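First residue of the sequence shown? That's 38 in my numbering, and the numbers climb one at a time after it. To start, the structure itself, in structure tokens.
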Amino acid sequence: MDGVLNLSVILSIVGVLVVLTNIITQVLKKLTWEKMPTNILVVIISMTLTMVAFFAYCQIKAITVVWYMIVAAVILGFLVSYAAMFGFDKLKEVLTQLESRR
């Protein structure tokens, strides 16, 4: 049970997922600019990355997957997509403000 609740590892994974979601979204936005809204694209990418990371983590740590863990991973996927959508905008805003002060 110790391997399931290692909070520092989980927070690190979430941070990496947010960054990867932002990078992949920026690349795919160029390809699907008018075909799909960006927010839907972010949710699809973050859910895919989160579920892949979840199952990989469970496989590496030899954790038996139970239904409520999958539900928690889906909720985490929505949190990653929220952070990717609004965190990137806030980061751009802060960088713009810092640039304008110079």
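Ideal Cβ positions, reconstructed from N, Cα and C, are used throughout, including at glycine. This structure is a prediction, so every number in the text was calculated from the model and none was measured.
- With a contact defined as Cβ atoms closer than 8 Å, Lys-66 and Leu-78 qualify at about 7 Å.
- Counting other Cβ atoms within 10 Å of its Cβ, Ala-109 stays below 16 and is therefore classed as exposed.
- Thr-58 places its beta carbon less than 8 Å from that of Leu-86.
- Approximately 5 Å separates the beta-carbon atoms of Ser-118 and Val-80; this is inside 8 Å, confirming the contact.
- Under the DSSP assignment, Ala-90 falls in the alpha helix (DSSP H) whose first and last residues are 75 to 97.
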